[in-house]
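Trainee:
In structure tokens:
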């Protein structure tokens with residue numbers, strides 16, 4: 058499988074789930090994807106829940122989302138902050154309208170809820186936000202990874218191997 062020239066952007070805020078950011082980032086790089094990380098402030102070093110420091114490649118304002126094939130949103134507590142940025146919601150809307158991959162894991166479902174794109178979509182997330190997902194109109198499944206069109210969702214860090222594999226497979230399919 059090759060993702061040569063496929064472009065992926067991950068978005069972060071403080072208290073992202075360290076593994077949920079880094080595992081997919083490097084997994085897709087291994088398949089040949091060009092991966093970037095964006096935060097609200099390109100000069101800031103963001104810290105994961107377990108202290109991993111990450112400096113973004115770009116700020117949200119510097120991102121031209123039209124240049125990307127996939128948007129990845131890690132979980133942790135960061136999604137509760139990310140969903141408050143208009144730039145983030147615009148990115149999610151654009152990717153969804155163009156049927157480009159949106160990957161979300163754990164609490165990242167909150168961002169998709171705020172973007173109001175889950176009605177009738179099959180998804181999973183951390184069980185802690187199951188009610189939120191269902192109240193937003195999603196059809197929630199307790200599975201390690203769920204794919205519905207361009208949305209790839211997963212529950213938590215132990216599911217990362219299945220999530221990474223399905224992200225790569227779905228990207229190959231969507232970018233043909």
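Residue numbers (the numbering used here): 58 to 233.
Note that CB positions come from ideal geometry on N, CA and C, so glycine has one too.
Nothing here was measured: the structure is a model prediction, and the numbers come from that model.
1. Write down the C-beta distance between residue 69 and residue 111 rounded to the nearest angstrom, noting that I regard them as a contact closer than 8 Å.
2. Hey, how far is the Cα of residue 193 from the Cα of residue 109?
3. Are residue 66 and residue 95 closer than 8 Å when you measure CB to CB?
4. So, for residue 200: in the same chain, excluding its five sequence neighbours on each side, which residues have a beta-carbon less than 7 Å away from its beta-carbon?
5. Closer than 7 Å by C-beta to residue 115: which residues in its own chain qualify, once you throw out the five before and the five after it? Chain order, please.
6. Are residue 156 and residue 206 touching if we call contact CB-CB under 8 Å?
7. Thinking residue 127 and residue 158 are a contact (beta carbons under 8 Å), I'd like their distance in whole angstroms, please.
8. Given a threshold of 16 other Cβ atoms within 10 Å of its Cβ, counted over all protein chains shown, does residue 86 qualify as buried or as exposed?
Mentor: Quick answer:
1. Indeed, because the Cβ distance is near 6 Å, the residues count as touching under 8 Å.
2. 32 Å
3. yes
4. 181
5. 93, 95, 99
6. yes
7. 4 Å
8. It is exposed - the Cβ of residue 86 has fewer than 16 other Cβ atoms within 10 Å.
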